[in-house]
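Read through the structure below, which is laid out as C-alpha cells, and then see the notes.
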Amino acid sequence: MQKPYYDKSKFTLYQANCLDLLAELPENSVDMVFADPPYLLSNGGFTVHAGRRVSVNKGEWDKSNGLKKDFEFHLAWIEAVKRVLKPHGTIWISGTYHSIYQCGFALQVAKFHILNDIAWFKPNASPNLSCRYFTASHETLLWARKDKNAKHIFNYDLMKNGNWPEDQLKKPGLQMRSVWAMGTPKTFEKKFGKHPTQKPEDLLKRIVLASTNKGDIVLDPFTGSSTTGVAAYLLGRHFIGVDTEPKYLDVSIKRFEELDRNLKNKFAQKV
Numbered sequence: 148m149q150k151p152y153y154d155k156s157k158f159t160l161y162q163a164n165c166l167d168l169l170a171e172l173p174e175n176s177v178d179m180v181f182a183d184p185p186y187l188l189s190n191g192g193f194t195v196h197a198g199r200r201v202s203v204n205k206g207e208w209d210k211s212n213g214l215k216k217d218f219e220f221h222l223a224w225i226e227a228v229k230r231v232l233k234p235h236g237t238i239w240i241s242g243t244y245h246s247i248y249q250c251g252f253a254l255q256v257a258k259f260h261i262l263n264d265i266a267w268f269k270p271n272a273s274p275n276l277s278c279r280y281f282t283a284s285h286e287t288l289l290w291a292r293k294d295k296n297a298k299h300i301f302n303y304d305l306m307k308n309g310n311w312p313e314d315q316l317k318k319p320g321l322q323m324r325s326v327w328a329m330g331t332p333k334t335f336e337k338k339f340g341k342h343p344t345q346k347p348e349d350l351l352k353r354i355v356l357a358s359t360n361k362g363d364i365v366l367d368p369f370t371g372s373s374t375t376g377v378a379a380y381l382l383g384r385h386f387i388g389v390d391t392e393p394k395y396l397d398v399s400i401k402r403f404e405e406l407d408r409n410l411k412n413k414f415a416q417k418v
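Residue numbers (the numbering used here): 148 to 418.
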C-alpha cells in the first residue's frame, strides 16, 4: 500500500492516480463514494467568471482523448470503485452534459442500480458569452447503489424534516425533491486557494448526511481541494481522498487543519 500524502485520524489523502490507489484498497471496504471526475472539456475556449473572460483550460488532466477513450476512462474508474464499495454502498457522480451521460452509461454497463438523478440548480451561475444557447445553470448528480438487492442508506427523515436554509426550493416538512437550489462555493471556502470545479460545502454536507451514517468511510477519487473531506470530517465520517495534483492536496490539508482547530476550540469552550 502506498504511503499517504497526509494522514490524520479520520482524514487521509493520497497523491496518486485513482486507479492505482483503488486497486490497493480492500474489497468491500467503503460505504460511499463521491466523484467529480474531469469533465474533459479543456479545449482552448473561454467562459465568464466574476465578470471577466477566462480560459476554460484546467490542465492536462482535463483534456479529452476522444469519445471512445473518454468513455473507457470513466468505465475503468467506475468499475474500480465498485470493487471497493460495500454491497450496500452507493456512489454519487457530479458532472455537466460534457461528461455525465458517459458516466451514467458507464454505471449501467458496470451494473450499478441508479437511484436518482439530481439537478443542482445554481441561482448565481455565470452567463454564457455567445448568446447562442441557454445559459448553463445546473449540474447533474447521479446516485447509484452497488448491489441492486442490497438495502442502501437513505436518511429520509433528516432530508424531509431537516433545516435547509441554503436551498431556495426546499419547503419545511415536505419530502426533499430531486432539484436542489444552492449557490456556488462561498468566498471563505476558497480562502486557501480554489479548485476550478470546486463544489460548495452545503452540497456535500447534504450528500454525506443523506447517504451515510456516523463512522462510515467516504472516498473521493478526484478529491481536488477536498470539499467532500471537509463535509465528511465535520459530520463524523472517515475520509479517503485521492488526487494527482500536490497543489490541491496542500489546499485540502489547510482546509482540514483549520476545520480541526475550529472543532477542537468549540469543544474546549463547552468543557
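Quick reminder that beta carbons are idealized off the backbone N, C-alpha and C, glycines included.
Under the three-state reduction of DSSP output, A257 falls in the coil class, being neither helix nor strand. C278 counts as exposed, since fewer than 16 other beta carbons sit within 10 angstroms of its beta carbon. Within the segment 313-355, complete beta strand (DSSP E) segments of at least 3 residues are found at 326-328, given in chain order.
For D167 and F220, the gap between their C-alpha atoms comes out near 13 Å.
Between M306 and M329, the CB-CB gap reaches or exceeds 8 Å. Taking the C-beta atoms as reference points, I387 is found no nearer than 8 Å to D178. In summary, R408 is exposed, with fewer than 16 beta-carbon neighbours lying within 10 Å of its beta-carbon over all protein chains present. Collapsing the DSSP output to three states places Y380 in a helix. The alpha-carbon separation between Y303 and L232 amounts to approximately 21 Å. Counting along the chain, no beta strand (DSSP E) covers L172, and no H or E run does either. The beta carbons of W267 and L288 sit about 6 Å from each other, so the pair counts as a contact at 8 Å. The criterion of a C-beta distance shorter than 8 Å is not satisfied by K346 and D217. Sixteen is the threshold: since fewer than 16 other Cβ atoms of the shown chains lie within 10 Å of the Cβ of L276, the residue is exposed. For A182, the enclosing beta strand (DSSP E) stretches over residues V177 to A182. Of the candidates E313, P234 and I354, E313 places its Cα closest to the Cα of K269. The three-state reading of DSSP puts H221 in helix, counting H, G and I together.
Between F158 and Y380, the beta carbon gap of about 5 Å places them in contact (Cβ cut-off 8 Å). Nearest to S241 by alpha-carbon distance, out of K215, L172, D264 and Q162, is D264.
In the DSSP annotation of this structure, the continuous segment of the alpha helix (DSSP H) that includes D304 starts and ends at Y303 to N308. Per DSSP, the beta bridge partners of G242 are T287.
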